[in-house]
Amino acid sequence: MPDRGRDHVCVVEVLNNYLRELYIFTTDLPLDEISAKHKQMLPAAISHWRANHLISYCCLEESIPQADTQTFISAYSRSMSGYKVITETNQFV
Numbered sequence: 056m057p058d059r060g061r062d063h064v065c066v067v068e069v070l071n072n073y074l075r076e077l078y079i080f081t082t083d084l085p086l087d088e089i090s091a092k093h094k095q096m097l098p099a100a101i102s103h104w105r106a107n108h109l110i111s112y113c114c115l116e117e118s119i120p121q122a123d124t125q126t127f128i129s130a131y132s133r134s135m136s137g138y139k140v141i142t143e144t145n146q147f148v
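Next up, the structure:
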């Protein structure tokens, strides 16, 4: 993972194929650490997801300026027709 610096973050997508929902957020933590934290306790926004749902994690942007995250997330969310998109910024920063 690249050194992002203080003003850059990673944009992460968590996909729940069972519910056809996407959870998109920004963070400065690696994916394996995020996944481990979610296994312990899901964020409130996706607390209705269950362990038997097909869930996958993906880094959409490894290093993006924080100032550009809302524009990126908004554009990406609009492109994901057929999915409910849940967004949040600065999770686990």
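Using my numbering, read the sequence shown as starting at 56 and increasing by one per residue. Note that CB positions come from ideal geometry on N, CA and C, so glycine has one too.
How many whole angstroms separate the CB atoms of residue i and residue j, which I take to be in contact at a CB cut-off of 8 Å?
i          : j           : result
residue 67 : residue 112 : 7 Å
Buried or exposed for residue i, please, with buried defined as at least 16 other CB atoms from any protein chain shown within 10 angstroms of its CB.
i           : result
residue 78  : buried
residue 88  : exposed
residue 72  : exposed
residue 103 : exposed
residue 109 : exposed
DSSP state of residue i, grouped into three classes?
i           : result
residue 108 : coil
residue 86  : helix
Per the DSSP calculation, residue i is bridged to which residue(s)?
i           : result
residue 78  : 69 and 141
residue 120 : 63
For residue i and residue j, what's the separation of their Cα atoms in angstroms?
i           : j           : result
residue 116 : residue 91  : 20 Å
residue 107 : residue 123 : 34 Å
residue 120 : residue 76  : 25 Å
residue 82  : residue 96  : 16 Å
residue 136 : residue 130 : 12 Å
residue 94  : residue 80  : 17 Å
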